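J.:
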Amino acid sequence: MAHDLRADFHSLTAALPPLSRRGFVMTASAAVGFAAAAGPVSAETVIKTDTDGLEAGDSAFTATDGTEVPVYFARPVDDDSAPVILVIQEIFGVHEHIKDVCRRLGKAGYFAVAPELYNRQGDPSGYDDIQTLLSEVVSQVPDEQVMSDLDDCVAWAAAEGGDTERLGITGFCWGGRVTWLYAAHNPDLSAGVAWYGRLVGETSDTTPQHPIDVAADLNAPVLGLYGGADSGIPVDTVEEMRSALEEAEQSFEIVVYPDAPHAFHADYRPSYREAPAQDGWERLLAWFDQHIAAA
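Residue 30 in the working numbering is what sits at position 16 of the sequence shown, and the numbering runs on without skipping anything.
#1: Who are the Cβ neighbours of A172 in its own chain at under 7 Å, not counting the five residues just before and after it?
#2: Report the residue ranges of all alpha helix (DSSP H) runs contained in full by the region 110-180; include only those spanning at least 4 residues, in chain order.
#3: What separation, rounded to the nearest whole angstrom, lies between the Cα atoms of G182 and G211?
#4: Apart from the five residues on each side of it in sequence, which residues of its chain come closer than 6 Å, Cβ to Cβ, to I99?
#5: Please list, in chain order, all residues of the same chain as T221 whose beta carbon is under 6 Å from its beta carbon, the five residues on each side excluded.
#6: Is the number of C-beta pairs between the region 221-234 and the region 259-274 that are closer than 8 Å three or more?
#7: With respect to the beta strand (DSSP E) encompassing L68, which residues constitute its N-terminal and C-terminal limits?
#8: Could you check the C-alpha separation between A251 and H279 for me, to the nearest Å?
#9: Tell whether a beta-carbon distance below 8 Å holds between T184 and V101.
#10: Between P138, P290, P235, which has its C-alpha nearest V108's C-alpha?
#11: Tell me the DSSP bridge mates of A208?
#12: Under the three-state reduction of DSSP, which class applies to L232: helix, strand or coil?
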């Protein structure tokens with residue numbers, strides 16, 4: 015990854031508005047893999063999905079350690095046994111875009127649940143500086159905690175009437191990486207869709223493995239959606255993952271959109287690209303229909 019850290023860091027910070035750029039000081043190694051700052055978080059999204067025909071809103075489950083973990087969910091009102099899809103946040107948390115993704119999945123017939131996976135470490139909506147958010151919150155979230163919370167979230171969805179025998183997961187950026195990891199963690203997962211999740215990187219106490227390390231251990235087919243112009247996730251790392259999956263004879267598909275940057279699906283940020291975002295969403299629905307809804 016050291017091949018072009020300065021270029022990656024420049025690309026990352028150049029996308030920020032001037033006021034944010036002046037206050038944005040982080041090491042290039044922290045920036046690479048997230049390419050987080052394609053613009054500030056905004057409540058304004060291009061796609062706005064209503065709740066007609068849905069039961070949607072806030073709830074919570076009790077994690078194994080006793081922590082109350084908030085969730086946002088959306089599901090069809092006329093289906094008491096809809097398949098469950100876990101929706102995993104970007105570094106910015108469960109904001110309006112992630113909630114809208116849940117409603118879109120609800121309209122497609124799924125019980126979509128987005129848990130607040132930074133709940134113990136902090137509220138990402140309270141940060142206006144990405145360096146501080148990464149150092150004080152994101153980097154403090156252990157993968158082990160995330161996997162356990164997702165297991166507890168699945169149990170909560172089952173208790174609420176969701177069909178967890180037909181279980182999927184999708185995630186964006188930070189959540190894209192989590193999607194790959196959870197596919198290796200949960201033997202009962204039916205399918206996953208990872209949007210521009212980091213695949214390789216340095217390990218730490220909180221992140222002891224990355225997707226490339228568990229490529230041979232996936233329990234379910236995963237669709238990976240990546241941008242060819244993503245400076246934080248070089249295409250050669252995507253191809254490295256593809257080779258590892260092929261060698262392990264896994265069921266998967268990886269799609270690279272040549273001109274798309276990081277976060278091309280995030281319709282509240284300047285990185286949004288309508289064509290690959292729509293194509294990726296159609297692929298997600300087809301993937302879940304093939305591996306979950308039709309099961």
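Think of the CB as a built atom: it goes at the ideal place given N, C-alpha and C, for glycine as much as any other residue. These numbers come from a predicted model, not from an experiment.
T.: According to the structure shown:
#1: Translated into the one-based positions of the sequence shown, residue 172 becomes position 158. Contacts found: T178.
#2: 110-121, 144-150, 157-173
#3: By one-based count along the sequence shown, residue 182 stands at place 168. By one-based count along the sequence shown, residue 211 stands at place 197. So the two alpha carbons sit approximately 16 Å from each other.
#4: In the sequence shown, counting from the first residue as 1, residue 99 sits at position 85. Here the set comprises L119, Y124, A126, G182.
#5: Walking along the sequence shown from the start, residue 221 turns up at place 207. Contacts found: D157.
#6: yes
#7: Along the sequence shown, one-based indexing puts residue 68 at 54. That run of the beta strand (DSSP E) goes 68-76.
#8: On the sequence shown, position 237 is the one that residue 251 refers to. On the sequence shown, position 265 is the one that residue 279 refers to. One detail in the question is off: residue 251 reads as Thr in this sequence, not Ala. The straight-line gap from Cα to Cα measures roughly 20 Å.
#9: Residue numbering aside, residue 184 sits at position 170 when the sequence shown is read from its first letter. Residue numbering aside, residue 101 sits at position 87 when the sequence shown is read from its first letter. A contact, by the Cβ cut-off of 8 Å.
#10: Taking the sequence shown and counting its residues from 1, the one referred to as residue 108 is at position 94. Comparing Cα positions, the closest option is P138.
#11: As a working mapping, residue 208 is identified with position 194 in the sequence shown. Bridge partners of A208: G185, G238.
#12: As a first step, residue 232 must be located in the sequence shown, where it is residue number 218. Here L232 sits in coil by DSSP.
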